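J.: Residue numbers (the working numbering): 9 to 615.
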Amino acid sequence: MHQDAGLFAPVDIELTPRKDGGCIIRSRVELGEYPKAVTAHLLRWQRQAPERLYLAERDGPASWRRFTYGETADIVLALAGVLLDLGLSAERPVAILSGNSINHALLTLAALHVGIPAVPVSPAYSLMSKDFAKLRHIVDLVKPGLIYVETHAPFAAALAAIGEAKIPVVSGDGGGGEKFSNLLVSRGNDDRVKRAHDAVTGDTLAKIMFTSGSTGNPKGVISSHRMFCANQQSLARSWPFVEVRPPILVDWLPWSHTFGGNHNFNMVLRNGGTLYIDGGKPTPALIRTTVDNLKEIPSTIYFNVPAGYEALLPFLEEDGKLAATFFSRLELMFYGAAALPQTTWDRLEAVSQKTLGRVVPMTSGWGATETGPLAMSSYFLVNESGVIGLPVPGVEVKLAPVQERLEVRVRGPNVTSGYLEDPEATKKAFDEEGFYCTGDAVIFRNPDAPEAGLKFHGRISENFKLQSGTWVNVGAVRTAFVNALSPLLLDVAIAGENQADLSALAFPNVAACRSLIGDHEAKLSIDEVFKHPDLQRALREKAAVYNRQYTGNSTQIARLLLLATPPDIDAGETTDKGYLNQRTTLRRRADKVAELYAGGGDVIELA
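#1: Would you mind working out which of Val201, Lys151 and Thr159 sits nearest Thr47, comparing C-alpha positions?
#2: Let me know if Asn239 comes out buried or exposed under the rule of 16 or more other beta-carbons within 10 Å of its beta-carbon.
#3: Quick test of the definition: if touching needs 3 or more C-beta pairs under 8 angstroms, does the region 33-48 touch the region 232-248?
#4: When you compare only the Cα positions, how much space is there between Ala530 and Ala579?
#5: Which residues mark the beginning and the end of the beta strand (DSSP E) in which His49 is found?
#6: Consult DSSP for Gly483 and reduce its assignment to one of helix, strand or coil.
#7: Per the DSSP calculation, Tyr343 is bridged to which residue(s)?
#8: Alpha carbon to alpha carbon, how far is Ile21 from Lys44?
#9: For a minimum of 3 consecutive residues, which ranges assigned as the beta strand (DSSP E) are wholly contained in the region 447-516?
#10: Distance check for Asn471 and Gly504, CA to CA, integer angstroms please.
#11: Rounded to whole angstroms, what is the Cα-Cα separation between Val177 and Thr352?
#12: Under the assumption that Ile110 contacts Val129 (Cβ atoms under 8 angstroms), give the Cβ distance between them as a whole number of angstroms.
#13: Under three-state DSSP, which class holds Glu325?
#14: From Tyr605 to Met136, what distance separates their C-alpha atoms?
#15: Give me the DSSP bridge partner(s) of Ile155.
#16: Mind reading off the beta-carbon distance from Leu493 to Ala501? Whole number of angstroms is fine, and I expect it under 8 angstroms.
#17: Excluding the 5 residues preceding and the 5 following Phe267 in the sequence, name in chain order all residues of the same chain whose CB lies nearer than 7 angstroms to its CB.
#18: Determine which residues share a DSSP beta bridge with Ser71 and list them.
#19: Once the 5 residues before and after Gly78 are set aside, which same chain residues still bring their CB inside 8 angstroms of it?
#20: Which of the three DSSP states, helix, strand or coil, is assigned to Ile295?
#21: Among residues of its own chain, excluding the 5 on either side of Ala332, which ones have a beta-carbon nearer than 8 angstroms to its beta-carbon?
#22: Buried or exposed: where does Asn481 fall if 16 or more other Cβ atoms within 10 Å of its Cβ makes it buried?
#23: Excluding the 5 residues flanking Thr487 on each side, which residues of the same chain have their C-beta closer than 6 angstroms to its C-beta?
#24: Over what stretch of residues does the beta strand (DSSP E) that includes Pro25 continue unbroken?
#25: Mind checking which residues open and close the beta strand (DSSP E) that includes Val127?
#26: Using the DSSP secondary-structure output, state which residues sit across from Cys237 in a beta bridge.
#27: Going by Cα to Cα distance, which pick from Tyr284, Glu404, Pro455 and Ala437 is closest to Ala113?
#28: Quick check: the Cα distance between Tyr444 and Asn422, rounded to an integer number of angstroms?
#29: First and last residue of the alpha helix (DSSP H) that includes Arg278?
#30: Is the Cβ of His160 closer than 9 angstroms to any Cβ of chain B?
#31: Taking contact to mean 3 or more Cβ pairs, one atom from each stretch, closer than 8 angstroms, check whether the region 386-405 and the region 269-287 are in contact.
#32: Going by C-alpha distance, which of Ala132, Ser336 and Glu318 is nearest Ser264?
#33: Starting from the N-terminal side, write out each stretch of the beta strand (DSSP E) that is 3 residues or longer and does not extend beyond the region 407-441.
#34: Starting from the Cα of Val19, find the closest Cα among Gly397, Phe335, Ala173 and Pro290 and give me that residue.
#35: Which stretch, first to last residue, makes up the alpha helix (DSSP H) that contains Thr379?
#36: Which residues share a DSSP beta bridge with Val395?
Below, the structure written as structure tokens:
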């Protein structure tokens, strides 16, 4: 049985119908006041709870490097002066190429405190790229006055590609540049720091967040202090419990993306919580790092993407001690960035029920880099996946009819003013009433009861028509099909434009496939796994269940092809948060699409 335990604010919305068939929805709950600068929260907790643990990261297999709010504030104020002395400014920001770390946090907070923008760059652009094109584009656009990397060696090729000699480089280990700890030895002028901080307003640029660039070069989202401060006020008005019980997070989500870097990081800071930086990831090589951290430190709220829950679930189901620690003080589970298969939801509820004798609530929300990110949240109990909730306080959501569907558009203090040095993209991003146009579609869970919330209904740009002229809602088909074939598939690209029927290019969950056929020691090649009769039988059986439920020509899947190579982030097939770009994937793998419709070979016929 679900228990709310005072987690959520009451649902109180106002819906205004429009003549075009759309509507505007907003919360009647007042947003309230919020500070003008993100680091006002740091100064508050320095005064009120200086000894409370704020940041922690592993510095050994059994130990943590820890910083209290008091220690963090002292370092940030000193480091802010050093950054000013180095000539950094709104025009010469700090670019951070490496992943989450305490040094990354200190540098970001110091920059924000005195009006210097921070530019967190996806490490994939440096570590997984062959040509560094996206990284060079970002550096050319923002013109950083300083670049930070945690360890120099892995980034050496990327730094060489962008001409590191022209830009000062600081690293955690001191390789090939200034060592970060050397910046902490000196201290800038305190009066200068105070003047610079006092000059920060809500309009001051806090970060330049880059979109994932799945359809071209990444765009720099102008992210102000107001966006972040208003957004956290909205979150606290939706989840009042975070103000009463400061959140404790064990979190791996990358700070180069808005989910981890703004939603989670700022939530901890705003509410005086504690953030344990998890060096793991939902990959075969790193998931055990996450498991080890979760065995030791229980979260009060756990945030993850669907792939993260999929990777973690087998450990929770098989290790009672891990589950006992994980659920011991967990108040809420949250998923974002992609659709969570209902089977995954059900398994999480089952292990929670088994461990605690009750179900820990699962929720989600919706937003974008351009919306700070939170625009909608399920601040009420739900029992199904895919519900993104309702507008949070302070945010207006317009549902605009587009291609016979409802597009989400957003207006509020949490919304960006546009894209850095890209007036054309900025103009296209907003409608005539100043709403940011997201390209995401939604449906009401219950059209007769809008307070029941909205469900994500795919990306409008992904849709196409079959030979018959029937529109295909790709997002809905993809979600339902992956859900039906879970846990064997991680994702699919739906093909069929101008064809008679639909097919799927499938990215398999290789670990789950090996487990199904008993290949626990991974002795078989990928090709042998894919051709194993037990796996093919299981895929056909699960697909048959799906096709019996979805009988329309625009929903049935006639065949699928398992892909041995994962989505390529460098080519824009996927984002760093794991969202599959359908059109790019189909275009780059046109030979596989042709193979699907030619039949034979490795194609698995389903209908």
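All residues carry an ideal CB built from backbone N, CA and C; glycine is no exception.
Keep in mind it's a predicted model, so treat the numbers as computed, not measured.
T.: This is what the structure holds:
#1: Val201
#2: buried
#3: yes
#4: Roughly 29 angstroms between the two C-alpha positions.
#5: Premise fails: His49 lies in the alpha helix (DSSP H), Ala48 to Gln56, not in any beta strand (DSSP E).
#6: helix
#7: DSSP lists Asn312 and Ser372 as the bridge partner or partners of Tyr343.
#8: 27 angstroms
#9: 462-467, 497-503 and 510-516
#10: Approximately 10 angstroms, taken between the alpha carbons.
#11: The C-alpha of Val177 lies about 43 angstroms from the C-alpha of Thr352.
#12: About 18 angstroms separates the beta carbon of Ile110 from that of Val129, a gap too long to meet the 8 angstroms contact definition.
#13: helix
#14: Approximately 32 angstroms between the Cα atoms of the pair.
#15: The partner list for Ile155 (beta bridge, DSSP) reads Ala103 and Val177.
#16: No, Leu493 and Ala501 are not in contact; Cβ-Cβ is about 14 angstroms, not under 8 angstroms.
#17: Leu261, Gly344, Ala345, Pro381 and Lys585
#18: Gly68
#19: Gln54, Pro58 and Glu59
#20: helix
#21: Thr363
#22: buried
#23: Ala347
#24: Ile21 to Pro25
#25: Ala126 to Pro128
#26: Answer is none; Cys237 lacks a bridge partner.
#27: Tyr284
#28: If I take the Cα positions, the gap works out to 11 angstroms.
#29: Phe273 to Arg278
#30: Going by chain labels, chain B is absent from the structure shown, which holds only one protein chain.
#31: Result no; under three Cβ-Cβ pairs closer than 8 angstroms.
#32: Ala132
#33: Fully contained in the region 407-441 are the following beta strand (DSSP E) runs of length 3 or more, in chain order: 413-419.
#34: The residue with the shortest Cα to Cα distance from Val19 is Gly397.
#35: Thr379 -> no alpha helix (DSSP H), and no H or E assigned at all.
#36: Lys463, per the DSSP bridge assignment.
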